[in-house]
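A short write-up of the structure that comes next.
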Amino acid sequence: MLSIGIDAGSLTTKAVLMEESKVLSRALVHSSTRNAAVAAIDECLAKAGLKAGDVLAIVATGIGRNEVAQATGHATEIICDARGAVQALPDARTVMDLGAESSRLIRCDSSGRVTDFVLNDKCAAGTGVFMDAMSKALRVPMPDMGELSLKSTQDVNITSMCVVFAESEVVSQIHRKVAKEDILSGIHKSIATRLYGMLNRVGNEKQVVAVGGLARNIGVIKWIRELAGTEVLVPEYPEYAGAVGAALIAADRNKS
Amino acid sequence: MKTAGVDVGSLAGKALILEDGRILSWGLVPTGPDSAETATEAMDAALKQAGLTLGDIEFIVSTGYGRVVVPFAHKNITEISCHAKGSNYFFPGVRTILDMGGQDCKAIRCDGTGKVVNFAMNDKCAAGAGRSMEVMADLLQIPLVDIGPRSLNVEKGEVSVSSTCTVFAKSEVLAHLRQGAPTNDILAGLCAALATRVYGLLKRVGIEPEFVISGGIAKNVGVVARVEQKVGLKASICFEPQIVGALGAAIFARETLLKQQKKPVTA
Amino acid sequence: MTAKELDAKLNLQAGRPTLKSTIDASRARKEYWAGVKEAKRQGKPVVAAFGLLPREIWHAMGVPVLGMESLALQVAARQLSGRYCQVATEMGFASELCALHLSLLGIAGTSQRDAFVEDLLVEPDLIVGSTFACMSESKSFLVWKERLGRPCHVVDIPINASGPGVPGRTVAYVAEELKGLIAFLRSNGFEYDEAKLSQAVDCSRRTMELWTRIEECRKAVPAPMGAVDALLCIGNTLVSLLGTETCVTLFQSLLDEISSRVSCRRGLLDEERLRLYLVGIPPLYHLDLLDYPAKHGAVVVKSDLDFFGGCMMSPDLLDPGRPLESLALKQLSDIVNPCFDNKIENAVRTIREYRIDGVIGLNKRGCRNLPASLRLIKDAAWKGAHIPMAVFDLDGIDPREYNDALVKANVDSFMETLVTSRTGTGI
Amino acid sequence: MSALETLRKSVKDPQKIAGEAKAAGKKVLGYRCVFMPEEILHAAGIVPFPVFGTPEAVSLSDAYFQPNLCEFIRNIFDLALKGKLDYLDGLVLCNTCDAVRKLYDHWKAYIGSPVCYMINNPQRQFTEAGLKYQYQELGEFRRAMETFAGKPVTDDALRDSIRLHNQTRSLLKQVYDFRKPDSPLLSGEEAMDVVMACMVLPKDRANALLKQLILELKQRANPPPSHGPRIMVTGSIIDNPALIRMVEEVGGTVVADDLCTTTRYFWYSVDEGGDPLAALARHTTEKPVCACMHPAEARLEYMMDLVKEYRVEGIIYFNLMYCDPFLYEGVMFKKKFEERGIPTILLETEHTPSGMGQLKTRVQAFLEML
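So the sequences go chain by chain: A, B, C and D. For the first sequence, counting from 1, position 180 maps to 180 in the working numbering; every step adds exactly one. Heads up, the working numbering is the position in the second sequence plus 256, with the first residue counted as 1. Heads up, the working numbering is the position in the third sequence plus 523, with the first residue counted as 1. Heads up, the working numbering is the position in the fourth sequence plus 950, with the first residue counted as 1.
In structure tokens, the structure reads:
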């Protein structure tokens, strides 16, 4: 049975094509692309050498899920993230979804069913957008930030959590000739501290798994590990967790 | 007597030279990674313009975000005092000033000599600062200068933007776009939201004529018109609103010098 | 039921009342406020009262009272709070203060009020404030006092740090404070007759009896009464009319109406999949949110705001023979009183008795009382009844930052998790 | 080491002082707020220890409190969760603001120490009914402490304790006199350190140091620099002198401070005659030092007394975010002070100050305005 999960996020749209629990193909396009969802689905199909008619069920998730015309069903990010995370790492009990514009902390059981969750959707502090702004302010590409921050030798405190103010705080650190890696370390620590608070709120139960685009950032993950005193695992394709969960839910629904 | 003021803001560095109370020249450079360097560049630009060297300037006051790191300044004074002073130079009748820069926004009340009697600034969160407009211009892919005029040309009706956080306002704007709202209407909503926040700040200090708007936002007619409407007063805007802080600093420099020389302070 | 039928049903409610008693209660509230206006016209002094003090005293002494919290809630329900909150911040008050109070400060601070507020509000002649039950209540009336320059009296209500067994000294102190209030009212021309106060307390006692029976009915499956009706009917009545025969009559008709629903097994939804309990102030300006979970076959069967300022307690604790002590005890037992033992017990009891499947907690930015206790409720709900609770940020009074789509998406998430945890599979 | 240095040093590590008492076999109770009658604990042989926050960012308590609660209280609860207050045998609180009430609930539910006590003091001061109620509440508290300490608290012991604490209060007042001259002999930052040290030190030790400090100040050769306007700092609790230091760095002369860690602690003394418990009850119900209390007029009068005594030229309110009582009071009192010719500025701060740059600009602009 073939199913597609599509995660229409605020910055990127992700699609996965699955056969039962096996991922056949993945695609990622910018959400600002025209018909991003269609583009992502088409890319997935093309990679697997299939056509639209072969797939019976498509579940859409993410902030733009209701605008995915091809979807046969919808599900919220919370349950998709949990499902996807457990699929990738079966021991996952606490899932941190580190998305572009929001962070979610989810607790789930062994089958990926959600038992509790905490959201941050009032302030962009601690989200991917925050990191993106910092990346621009420091002129360090997003993918390099985490690595570079690990080279820090000195603690710098970044206290502002408002994206705009943090930008100026970072600029003033640059002015004071503070090394970029130290500033980066400070940024990562401040984000991780905030996420750590949310982690405590859902219970910090093992195994903690981080998904979402920001989970690729080793700097953030390192600090969360350090603060929480616990291992934080990251699946191979963290940004696709929601889409994988959606595809699995699509298959479930089709069966029942 | 030649004095100078240097204003190192978050987006631009400004320097201005004053001779016996008359503006001689000014320099305006974008803020670089090093505040001290920015200050030097701005100062050099102003000096070059006037055909002078640093040695010709008798007293220099620094102001703005980077005021404490200006290496050649004799004294630092906050941008709040400097804006009041500078506005008073252009508009002697000014009593209320709205200064809106990249990251913060200030409402200032002053007396007839340009001395601050009350002020208020926006808080921890950047909602209501000029930077949010840049973010939106970027997002909508239109030049910053077009925001104002276009926001006054509403097509279907102003949309409402409820998020105060710049980042979330951005997603709200995207949602409006997806739903087919005309760009102008979104811009109108953004300008209106900004004007409301700014107005709140003005009310905190109390509004009295004459009313001056300075800083980058003074160039946005969409915000200016909406603030004017709420305040019920026409705003005076000087020909180069970005140099008001540096001008104020230069005037303070002059006053300090005169006081040291025990001469009467007259313009 | 198909989605279409569900939608049709939703449209029938969508934040609107479904009970005749609710309409009657709204009318009674309007009459009450019209009565205050009329009293003012006749030259009687009008009291602006803050702090949810015992209404029995007002009724017994014939005091026309503007209940300021009630005013703020009505303004919120008409989506008008935002502009007054804005005025309050222009007056210098921090925007993160309680929106209910900010809106009242804004109303005090501007002469440009909308027609609705103008119509409700009369210029008060006296101000009564109290320290009950939070710092905003304890401080904001002082601004009205400053603005109006009218005589003002403060009633101190201590916290109840002892749970159900309130110490006698604390009850005695509150009774003493209430005596002080009566003395203040007497010195301003109102007459006090203890027999009348006893009558008012007796009305409250009978109201509590009816209320206890109403609550029993509400536990039925399917739920005969949802959060919208409860809020508008029970809340509306208690907040201004507790202690009057009118209140008793309204509660009697409500009991009749919902018990007939229960006897013919009529509910808001024929097929209830989930029963929800709401803690916190729902968006008064968007009450349809309370009916939104119907999309998932869920009903909000119980909400804390039902008894806003009413107080739920056993009628046995009210003794008309000792009216002041009874009222003191009632005030100290009020769920709004910042002591948590009562609230936790109440939450766990509610979850069990109403067969709740999930709790939604709302975190109001400006509130330091309830939101700071949500974790205690969450833990109690889980430990005591194994029921999950989700917490969302939402200001029930100030609509300016309300994001309908986002809030509904959050509700969807929670409903999905409840459904999956129940069915054991995907959805 | 001079007395000033000794005092300032002891406040750097208050936990050490509590730890020493604990090691000496004493019971140590943490407490919050200047309404807590230390005398009762002292007379029972219990060490009263004021709990302060640390500049460390809050992490564990985020799990319990939403961020829209007083950061100071969140900070204290955070320390407790991290086990950093384990040297305490419990906590005593007074009925003041919402955040303190929540700390009580949460401490009881999650910390589980032998003592978690709330003194339900009235919030209307200067009333007969309130005084009577407070007397009863303190009587109950005294009994609870007797049980906890395992020894009676006699009236004589209470009287001795009142005398000892009164001495600290009057010595602190004498120290504060050195801030009255045109060029104060004690800076704001130093003054705060001194009072906080006296709060944590055993009172006999504090009194000895204060006597020595007074002698030192009389002949202080290098007084702190002062040329700017005379400032009074007020508002929510400040438990770290960084803010005061900042005001002084940008040129303000902090000559008075109405704070929980300074003047509010010692301004009013306790009657030494009659029923000692009645004297303590009167003391707490007749010191208008907190924005939580009524009537506001009494508090305004007390603040105006400070303004006059220390010849204050400008007032700075440092209000913690979400500190409702002071956020309301500040707006109302700003108007009152300005009507009386004292410019006042309201600033919102965080317990772990961030964006000090912005705050600095505001303070400096305020000083320029004066």
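Where is the CB? At the ideal position from N, CA and C, for every residue including glycine.
- As the crow flies, the alpha-carbon of A:Asn120 is around 12 Å from that of A:Leu199.
- Counting only runs of at least 3 residues, the stretch 852-926 of chain C fully encloses the following beta strand (DSSP E) elements, listed from N- to C-terminal order: 881-886, 912-916.
- When only Cα atoms are considered, D:Leu1151 and D:Thr956 end up about 11 Å apart.
- Residue C:Arg670 holds the alpha-carbon nearest to the alpha-carbon of C:Thr633 among C:Ser653, C:Gly590, C:Arg670, C:Ser663.
- A Cβ of chain B is located within less than 8 Å of the beta carbon of C:Gln609.
- Chain-order list of chain A residues neighbouring C:Ala932: Thr76, by C-beta distance under 7 Å.
- Comparing C-alpha distances from C:Ala595 to each of C:His582, C:Ala753, C:Glu613, C:Phe573 shows the shortest one belongs to C:Phe573.
- Separation of D:Leu1038 and D:Val1050 (C-alpha to C-alpha, rounded to the nearest whole angstrom) is 17 Å.
- When secondary structure is reduced to three states using DSSP, B:Ser318 falls in the strand class.
- D:Ala1241 and D:Phe1276 have their C-alpha atoms spaced approximately 6 Å apart.
- If you draw a 10 Å sphere on the C-beta of B:Val480, you find 16 or more other C-beta atoms in it, and that means buried.
- According to the DSSP assignment, A:Ala8 belongs to the beta strand (DSSP E) that extends over 2-8.
- Closest in C-alpha terms to C:Asp642, from the list C:Gly558, C:Arg673, C:Pro577, comes C:Gly558.
- Straight across, the Cα-Cα distance linking D:Glu1259 with D:Leu1297 is about 24 Å.
- Non-local C-beta neighbours of D:Asn1190 in its own chain, meaning closer than 7 Å and more than five positions away in sequence, comprise Pro1005, ordered along the chain.
- In the three-state reduction of the DSSP assignment, A:Val244 falls in the helix class.
- Pairwise C-beta distances place the stretch 809-818 of chain C out of contact with the stretch 886-901 of chain C, as fewer than three of them are shorter than 8 Å.
- Contact annotation for C:Pro911 against chain A: Thr115, Asp116 [CB-CB distance below 7 Å, chain order].
- A contact between stretches requires three or more CB pairs, one per stretch, nearer than 8 Å, and the stretch 803-812 of chain C meets this requirement with the stretch 876-893 of chain C.
- Under the three-state reduction of DSSP, D:Phe1091 is assigned to helix.
- For A:Pro143, the enclosing alpha helix (DSSP H) has its first and last residue at 142-149.
- An exposed status is given to D:Ala1192, since fewer than 16 other beta-carbon atoms sit within 10 Å of its beta-carbon.
- Comparing C-alpha distances from C:Trp581 to each of C:Leu720, C:Ile546, C:Gln565 shows the shortest one belongs to C:Leu720.
- A direct Cα-to-Cα measurement between C:Val645 and B:Asp367 gives close to 39 Å.
- Annotation for A:Ile249: Gly5, Val59, Gly73, Ala75, Ile79, Cys80, Arg83 place their beta carbon closer than 8 Å to its own, counting only its chain and skipping 5 residues before and after.
- Membership of D:Phe1276 in any beta strand (DSSP E) is not indicated; the residue belongs instead to the alpha helix (DSSP H) covering 1274-1289.
- DSSP places A:His30 in no alpha helix (DSSP H) but in the uninterrupted beta strand (DSSP E) bounded by 22-30.
- Per DSSP, reduced to three states, the secondary structure at C:Phe713 is coil, with no helix or strand assignment.
- Contact with chain C is absent for D:Met1095, since none of that chain's Cβ atoms lies less than 8 Å from the residue's Cβ.
- Shown here for A:Met145: same chain residues with a beta carbon closer than 7 Å to its own, the five before and five after excluded, namely Met131, Ser135, Leu184, Asn217, Gly219 in chain order.
- DSSP places D:Asp1039 outside both helix and strand once states are collapsed to three, so it counts as coil.
- Straight across, the Cα-Cα distance linking C:Thr541 with C:Asp752 is about 7 Å.
- In this model, D:Val1205 and D:Gln1124 are separated by some 14 Å (Cα to Cα).
- Contact of C:Glu939 with chain A is assigned, a C-beta pair being separated by under 8 Å.
- Taking B:Val454 as reference, the option from B:Ile353, B:Glu464, B:His330 with the minimal CA-CA separation is B:Ile353.
- The beta carbons of B:Asp394 and B:Thr319 sit about 28 Å from each other, so the pair does not count as a contact at 8 Å.
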